[in-house]
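One structure is given here, and the rest of the page talks about it.
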Amino acid sequence: MIFMKNEVANNDIVHTSTQQSVTGSSHRVAGRDYIENLNVTDIDFLLMTEPKDNLDARAIVNERFFKYRFKFHANEVVREKLIDFQNTFELTDVEIKTLYSVGLIHPKYNELTIKSSRSVFYLGWIFTAIITLYFLLLIYAFVCSSHQTGLAGITVLSSALIYVGVMWLIDKRCLQPSRLLRNKQIYQPITL
Numbered sequence: 016m017i018f019m020k021n022e023v024a025n026n027d028i029v030h031t032s033t034q035q036s037v038t039g040s041s042h043r044v045a046g047r048d049y050i051e052n053l054n055v056t057d058i059d060f061l062l063m064t065e066p067k068d069n070l071d072a073r074a075i076v077n078e079r080f081f082k083y084r085f086k087f088h089a090n091e092v093v094r095e096k097l098i099d100f101q102n103t104f105e106l107t108d109v110e111i112k113t114l115y116s117v118g119l120i121h122p123k124y125n126e127l128t129i130k131s132s133r134s135v136f137y138l139g140w141i142f143t144a145i146i147t148l149y150f151l152l153l154i155y156a157f158v159c160s161s162h163q164t165g166l167a168g169i170t171v172l173s174s175a176l177i178y179v180g181v182m183w184l185i186d187k188r189c190l191q192p193s194r195l196l197r198n199k200q201i202y203q204p205i206t207l
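Using the numbering used here, you'd call the opening residue of the sequence shown number 16 and step up by one each time.
In structure tokens, the structure reads:
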């Protein structure tokens, strides 16, 4: 809180008043000597504290705020359509970013297309099968090797860790977006 002392002269009588200035969620003057100011220095703080309706209104009006929130550019018409899509299907900001990053959301000039591509899903399962087979053969080769040394255990452990990392990446980029659209019952492309 910031307290400022003002000397006010009124008919040769000096009054001393204290003005209280508070950082709040919006600009408002609550009374004669109480003022709330919106003073946000960190946009992440705003994203965490503002109600979703206010964030949506800001994202529609302000392109830079939309870019920071969803990580891509769009004009005002497409921004409004994306916010409506997000609210209709109850998607989070992270889910919108994921769908855009894998290419399932296509913003065009005045049009927004959401694709429910099964090829991404099938490609994820093909990658999973190939990489699982490769790592199983790799581990089998180490276990059945006649020249087992102390490094064989470290090699198998590091291979298993690499496998887990690759599987996490495939799930995040290929399988999870398809599961998300299936859970929201989006089976056909949507053009808004």
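For each residue, glycine too, the CB sits at the ideal point set by N, CA and C.
Residue from the options with nearest C-alpha to residue i
i      : options                           : result
VAL135 : GLU91, PRO66 and CYS189           : CYS189
GLU95  : THR64, GLU78 and LEU114           : GLU78
PHE60  : GLU126, ILE111, TYR83 and SER193  : TYR83
ILE146 : MET182, VAL158, VAL171 and PRO66  : MET182
ARG133 : ALA156, TYR202 and MET63          : TYR202
ASP108 : LEU62, THR164 and PHE157          : LEU62
PRO200 : LEU106, VAL179, TYR137 and LEU166 : Before going on, a small fix: residue 200 reads as Gln here, not Pro. The option with the nearest alpha carbon to GLN200 is LEU106.
LYS187 : LEU70, GLU110, LYS86 and VAL92    : GLU110
TYR124 : ASN102, ARG194, ASN90 and PHE157  : ASN90
Cutoff 7 Å; reference residue i; Cβ partners in own chain excluding five residues on either side
i      : result
THR206 : GLU126 and THR128
SER174 : PHE150, LEU153 and ILE154
PRO192 : THR113, LEU114, VAL117, LEU119 and VAL135
Residues that DSSP places opposite residue i in a beta bridge
i      : result
LEU70  : BP columns for LEU70 are empty, so no partner.
LEU127 : PRO122
THR206 : THR128
Cβ neighbour criterion (16 or more within 10 Å) applied to residue i
i      : result
GLY139 : buried
ILE177 : exposed
ALA74  : buried
ASP122 : Here the sequence assigns Pro to residue 122, which means Asp is not the residue at that position. Buried is the call here.
ASP57  : exposed
LYS130 : buried
ILE169 : exposed
ASP68  : exposed
LEU196 : buried
VAL76  : exposed
LEU97  : buried
Close Cβ partners of residue i (< 8 Å) along its chain, the five nearest in sequence each way excluded
i      : result
ILE285 : Residue 285 lies beyond the range of the chain shown here (16 to 207); nothing can be said about it.
PHE100 : LEU106, LEU127, ILE129, ILE205 and LEU207
PHE104 : LYS199 and ILE201
Own chain residues within Cβ distance below 6 Å of residue i, not counting five before or after
i     : result
HIS88 : LYS82
LYS86 : LYS112
VAL93 : PRO122 and LEU127
ALA24 : Only weak support exists for where ALA24 lies, its pLDDT of 47 falling under 50; the value from the coordinates is given anyway. Once the five neighbours on either side are set aside, ALA24 has no close Cβ partner at all.
- Message: If we require 4 or more residues per run, which alpha helix (DSSP H) segments fall completely within the stretch 100 to 125?
- Response: 108 to 116
- Task: Jot down the residue ranges of each uninterrupted beta strand (DSSP E) in the stretch 149 to 190, minimum 3 residues, whole runs only, in chain order.
- Result: none
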